[in-house]
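Heads up, the thing below is written out as structure tokens.
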Amino acid sequence: MVETQNYQAIIKVVGVGGGGVNAVNRMIDSELKGVEFIAINTDAQALIMSDADVKLDIGREITRGLGAGADPTIGRKAAEDHEDQIRESIEGADMVFVTAGEGGGTGTGGAPVVARLARELGALTIGVVTRPFNFEGSRRMNQAENGIKALREEVDTLIVIPNERLLAISDPNISVTEAFIEADKVLLQGVQGITELITTPGEVNVDFNDVKSVMQGAGTALMGIGTATGDDRALRATEQAVSSPLLETSINGAQGVLLQFQGGSDLSIMEVSRAAEMMREAVHPDANIIFGLVTNPAFGDEVRVTVIAAGFDEEDEGDLAVQPPARRSAPAAAPAPAATTSQPRTTGIHRADKPVTRPVPVVSEPRPRPRPEPVAPSIPPRTATSEVPAYVDETATSTSPVLEVPRVIGVDDDSTDLDLPDFLL
Numbered sequence: 001m002v003e004t005q006n007y008q009a010i011i012k013v014v015g016v017g018g019g020g021v022n023a024v025n026r027m028i029d030s031e032l033k034g035v036e037f038i039a040i041n042t043d044a045q046a047l048i049m050s051d052a053d054v055k056l057d058i059g060r061e062i063t064r065g066l067g068a069g070a071d072p073t074i075g076r077k078a079a080e081d082h083e084d085q086i087r088e089s090i091e092g093a094d095m096v097f098v099t100a101g102e103g104g105g106t107g108t109g110g111a112p113v114v115a116r117l118a119r120e121l122g123a124l125t126i127g128v129v130t131r132p133f134n135f136e137g138s139r140r141m142n143q144a145e146n147g148i149k150a151l152r153e154e155v156d157t158l159i160v161i162p163n164e165r166l167l168a169i170s171d172p173n174i175s176v177t178e179a180f181i182e183a184d185k186v187l188l189q190g191v192q193g194i195t196e197l198i199t200t201p202g203e204v205n206v207d208f209n210d211v212k213s214v215m216q217g218a219g220t221a222l223m224g225i226g227t228a229t230g231d232d233r234a235l236r237a238t239e240q241a242v243s244s245p246l247l248e249t250s251i252n253g254a255q256g257v258l259l260q261f262q263g264g265s266d267l268s269i270m271e272v273s274r275a276a277e278m279m280r281e282a283v284h285p286d287a288n289i290i291f292g293l294v295t296n297p298a299f300g301d302e303v304r305v306t307v308i309a310a311g312f313d314e315e316d317e318g319d320l321a322v323q324p325p326a327r328r329s330a331p332a333a334a335p336a337p338a339a340t341t342s343q344p345r346t347t348g349i350h351r352a353d354k355p356v357t358r359p360v361p362v363v364s365e366p367r368p369r370p371r372p373e374p375v376a377p378s379i380p381p382r383t384a385t386s387e388v389p390a391y392v393d394e395t396a397t398s399t400s401p402v403l404e405v406p407r408v409i410g411v412d413d414d415s416t417d418l419d420l421p422d423f424l425l
């Protein structure tokens with residue numbers, strides 16, 4: 001008789017660098033079950049403080065155990081120099097989580113090396129990393145973007161937690177230390193949401209191959225978390241998860257979704273069904289939706305929903321990269337005020353502001369009309385009492401003076417007799 005043997009998926013969580021090791025410590029403190037923890041760092045002092053099952057002190061030859069100095073090149077070199085030890089520590093795993101705080105030296109440079117080795121060993125490899133807070137500076141942010149790009153090439157699925165967006169769901173008076181703790185908690189929830197689907201028996205069970213069908217080769221993934229109590233709690237928690245500030249874009253177009261429900265023992269299958277139907281309508285029509293349900297009396301009336309959406313088209317994935325807010329362009333210089341109708345014009349025609357009443361002088365011969373000189377806009381308009389303008393608008397409402405005919409010099413104006421030739425008489 002052949003004895004059947006139950007096989008449980010081997011899941012390993014690898015924290016790389018200071019941020020990654022801190023996240024691993026947080027997961028250990030939360031008593032995350034069914035996984036093995038590995039801490040990798042160039043900072044020997046920080047590594048000593050970790051309770052991970054396996055600790056790898058890498059790069060001592062080039063860092064002397066003092067860290068990578070926020071230089072990803074050193075972090076990558078340190079990991080490459082210790083590939084054999086890293087490979088040995090993750091060998092045999094069915095699923096490997098690589099977690100790091102992007103932007104530093106060891107995590108940014110070393111995480112892609114660890115991920116590459118995990119995939120070479122045949123493990124389903126999932127990256128779960130954080131993007132820095134804005135206050136950490138542009139250099140760290142730029143390094144993080146480069147590190148995320150490099151890691152994306154080496155994992156099956158990459159989940160990026162934007163730390164800055166955590167501020168939208170946190171107390172505005174939160175301290176810096178508390179902000180980083182919140183970031184670690186979100187990393188924990190991302191890993192926990194996936195591992196508990198596999199390792200925790202529930203009313204709706206999900207096995208490793210279910211998760212693998214969604215996440216293998218899925219590329220960039222989005223994660224959202226929602227909680228609710230009271231009426232329609234499962235539905236409202238799901239709505240909150242898909243509109244979470246942690247989601248850097250919409251889940252529309254996702255072709256694979258992991259949907260985990262956690263709640264008290266009174267959480268009904270009907271509540272879960274309605275929430276899952278809402279999710280089905282929000283993603284790709286042919287999406288593969290895997291959902292699990294775990295009940296625990298400790299949740300009481302609360303329902304927690306974790307959504308991980310993956311499998312976006314290439315053009316959709318291009319939209320997932322965080323775009324910096326559009327910088328408002330500096331206002332254009334105000335144009336010079338347009339000349340009003342009362343200001344002098346340089347077109348050769350001048351409209352008088354008031355009717356011109358001064359008579360035009362009588363001349364014996366027509367004089368050529370001078371061309372008006374251009375007048376700078378800053379000169380105030382001339383008034384009716386100033387010198388008569390060169391041209392008078394013919395449409396002016398005043399009566400134009402009559403031009404008098406000049407009299408002939410030497411002829412008496414009062415004489416009306418004419419000397420006529422004799423042949424006309």
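Just so you know, we're using UniProt numbering here: the sequence shown kicks off at 1 and counts up by one.
Note that the Cβ used here is the ideal one computed from N, Cα and C, for glycine as well.
Please read these numbers as outputs of a predicted model, since none were measured by experiment.
Of all the options the options, which has the alpha carbon lying nearest to the alpha carbon of residue i?
| i | options | result |
| --- | --- | --- |
| His82 | Gly59, Leu158, Phe97 | Gly59 |
| Ala221 | Ile148, Asn296, Ala52, Pro297 | Ile148 |
| Asn288 | Val272, Gly69, Val191, Gln216 | Gln216 |
| Pro162 | Glu102, Asn146, His284 | Glu102 |
| Asp266 | Ala276, Gly253, Asp232 | Asp232 |
| Ile11 | Ile86, Ala276, Asp84, Ile126 | Ile126 |
| Gly27 | Glu88, Ala93, Thr99 | For the sequence presented, residue 27 should be read as Met rather than Gly. Per the Cα distances, Thr99. |
| Arg131 | Gly122, Ile159, Ala118 | Ile159 |
| Asp247 | Glu145, Glu164, Ile48 | First, the amino acid is wrong: residue 247 is Leu here, not Asp. Out of Glu145, Glu164, Ile48, Glu164 has the C-alpha closest to the C-alpha of Leu247. |
| Ser268 | Gly253, Ala68, Asp301, Asn252 | Asp301 |
| Val16 | Lys55, Leu32, Glu145, Glu281 | Lys55 |
| Thr108 | Phe133, Asp84, Glu91, Ala68 | Ala68 |
Using a threshold of 8 angstroms, state whether the C-beta atoms of residue i and residue j are closer than that.
| i | j | result |
| --- | --- | --- |
| Ala241 | Gly226 | yes |
| Val214 | Gly256 | yes |
| Phe291 | Phe312 | no |
| Val14 | Phe97 | yes |
| Glu203 | Leu259 | no |
| Gly110 | Ala79 | yes |
| Leu124 | Met95 | yes |
| Asp171 | Ala218 | no |
| Asp210 | Asn22 | no |
| Val283 | Ala254 | yes |
| Ile169 | Pro72 | no |
Nearest-angstrom Cα distance between residue i and residue j?
| i | j | result |
| --- | --- | --- |
| Gly104 | Ser250 | 28 angstroms |
| Gln116 | Ala70 | Strictly speaking, residue 116 in this sequence is Arg, with Gln absent from that position. The straight-line gap from Cα to Cα measures roughly 22 angstroms. |
| Pro201 | Asn296 | 11 angstroms |
| Gly34 | Val191 | 12 angstroms |
| Ala310 | Gln45 | 37 angstroms |
| Ser89 | Ala237 | 38 angstroms |
| Arg76 | Asp51 | 24 angstroms |
| Glu153 | Ser175 | 35 angstroms |
| Gln189 | Thr306 | 8 angstroms |
| Pro285 | Gly263 | 28 angstroms |
| Ile74 | Asp43 | 12 angstroms |
| Phe180 | Val128 | 15 angstroms |
| Arg119 | Ala93 | 10 angstroms |
| Gly20 | Glu31 | 17 angstroms |
| Ala150 | Glu239 | 32 angstroms |
| Asn252 | Arg304 | 21 angstroms |
| Ser243 | Arg140 | 28 angstroms |
| Ala334 | Phe133 | Note that Ala334 has pLDDT 42, beneath the 50 cutoff, so the model's placement of it is unreliable and no number is given. |
| Glu36 | Asp29 | 13 angstroms |
| Glu61 | Asp84 | 16 angstroms |
| Lys212 | Thr63 | 38 angstroms |
| Val24 | Glu196 | 16 angstroms |
| Glu277 | Phe208 | 23 angstroms |
When we look at the beta-carbon of residue i and count the other beta-carbons within 10 Å, is it buried (16 or more) or exposed?
| i | result |
| --- | --- |
| Gln143 | buried |
| Thr106 | buried |
| Gln8 | exposed |
| Val113 | buried |
| Gly137 | exposed |
| Ala298 | exposed |
| Asn173 | exposed |
| Met223 | buried |
| Thr177 | exposed |
| Met279 | buried |
Contact check, residue i vs residue j under 8 angstroms by CB: the rounded distance?
| i | j | result |
| --- | --- | --- |
| Ala228 | Arg274 | Wrong, their Cβ atoms sit about 13 angstroms apart, outside the cutoff. |
| Ile198 | Ile308 | Not really, about 13 angstroms apart at Cβ, beyond 8 angstroms. |
| Val186 | Leu167 | Not a contact, Cβ separation roughly 12 angstroms. |
| Ile86 | Ile40 | 7 angstroms |
| Ile38 | Asp53 | 7 angstroms |
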